[in-house]
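Right, one structure below, let's go through it.
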Ligand SMILES: O=P(O)(O)OC[C@H]1O[C@H](OP(=O)(O)OP(=O)(O)O)[C@H](O)[C@@H]1O
Ligand SMILES: O=c1[nH]c(=O)c2nc[nH]c2[nH]1
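In the numbering used here, the protein residues as written are 302 to 492.
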């Protein structure tokens, strides 16, 4: 998606530890107009798939998933990283190692919001090692819902998540970074 790549070139900052900082528009300050274009592009790429639910994971997936959900006209559910008193009853749960927090979370989704008959699209801001999407895919499987695919804003193609996920489901990444150099700031995208 050219508009997105242009924005990454303009506002993305390459940090140490294979981190691409895009918090000027994607996962801290959020450019909702850009999110709308991303949502429309995802809708096109999953046309005809009869998706009836979007699933994401807190925190950074939520903004983009909400805008996409409005365009798909379906509800959006986010997996929580911490158990809270206001989740009543049974939950689906699995472990996910967070890329930027450097710790493992027990992620949870209430059984009330995911189950048989659901055709689920996963959405997230980043795909790196694939742990977040792998965890979400497990919750979908455990619930008896059908995993239709995954839509990702930025995939770091030099990390293993993308190859792993493509073997399991229909993955659409709107910008795939093939390499990035923290010294020069240069970012190369897959064509
Ligand atoms: O493919 P992976 O290696 O799983 O990396 C991608 C995940 O990493 C980030 O979450 P993180 O928990 O780091 O931060 P957040 O709380 O801001 O979402 C991002 O939002 C994705 O969910
Ligand atoms: O802002 C971010 N930049 C990254 O490079 C990344 N990888 C996983 N999650 C990420 N979030």
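Cβ atoms here follow ideal geometry from the backbone N, Cα and C, with glycine treated the same way.
Keep in mind it's a predicted model, so treat the numbers as computed, not measured.
May I ask which residues mark the beginning and end of the beta strand (DSSP E) holding residue 425? Taking the first residue of the chain shown as 1, we reach residue 425 at position 124. For residue 425, the enclosing beta strand (DSSP E) covers residues 420-428.
Assign residue 499 to one of two classes, buried (16 or more other C-beta atoms within 10 Å of its C-beta) or exposed (fewer than that). Coverage of the chain is limited to positions 302 through 492, which leaves residue 499 absent and any answer about it impossible.
Residues near ligand 2, CB to any non-hydrogen atom under 7 Å, in chain order? Matched residues: 319, 320, 321, 322, 323, 324, 328, 361, 400, 401, 426, 427, 429 and 457.
Here's the rule: buried if 16 or more other CB atoms are within 10 angstroms of the residue's CB, otherwise exposed. What is residue 348? As a working mapping, residue 348 is identified with position 47 in the chain shown. Its Cβ having fewer than 16 others within 10 Å, residue 348 is exposed.
C-alpha distance - residue 375 paired with residue 352, whole-angstrom precision: Reading the chain shown from its first residue, position 74 is the one you call residue 375. Reading the chain shown from its first residue, position 51 is the one you call residue 352. Those two C-alpha atoms are separated by around 8 Å.
Distance, Cα to Cα, residue 322 vs residue 416? For this step, residue 322 is matched to residue 21 along the chain shown. For this step, residue 416 is matched to residue 115 along the chain shown. Spanning the two alpha carbons is a distance of roughly 35 Å.
I'd like to know whether the C-beta of residue 409 is nearer than 8 Å to at least one C-beta of chain B. No chain B appears in the structure shown, which is made up of a single protein chain.
Give me the Cβ distance between residue 488 and residue 313, rounded to the nearest whole Å; I'm assuming they're in contact under 8 Å. Taking the first residue of the chain shown as position 1, residue 488 is located at position 187. Taking the first residue of the chain shown as position 1, residue 313 is located at position 12. Indeed, because the Cβ distance is near 6 Å, the residues count as touching under 8 Å.
Mapping the DSSP letters down to three states, classify residue 446 as helix, strand or coil. Translated into positions along the chain shown, residue 446 becomes position 145. Residue 446: coil per DSSP, three-state reduction.
So, using beta-carbon positions, are residue 421 and residue 441 closer together than 8 Å? Sequence index remark: in the chain shown, residue 421 carries index 120 (1-based). Sequence index remark: in the chain shown, residue 441 carries index 140 (1-based). Yes; because the gap between Cβ atoms is below 8 Å, this pair is in contact.
In the structure shown, what three-state DSSP assignment does residue 436 receive? As a position in the chain shown, residue 436 is number 135, starting the count at 1. In the displayed model, residue 436 falls within a helix according to three-state DSSP.
For residue 330 and residue 308, I'd like the C-alpha separation in whole angstroms. Mapped onto the chain shown, residue 330 falls at position 29. Mapped onto the chain shown, residue 308 falls at position 7. Going by the C-alpha atoms only, they are around 14 Å apart.
What are the boundary residues of the alpha helix (DSSP H) that residue 345 is part of? As a working mapping, residue 345 is identified with position 44 in the chain shown. Residues 333-346.
Closest by CA to residue 334, which one among 361, 484, 346 and 304? Start at 1 with the first residue of the chain shown, and residue 334 comes out as number 33. Ranked by Cα distance from residue 334, the options 361, 484, 346 and 304 are led by 304.
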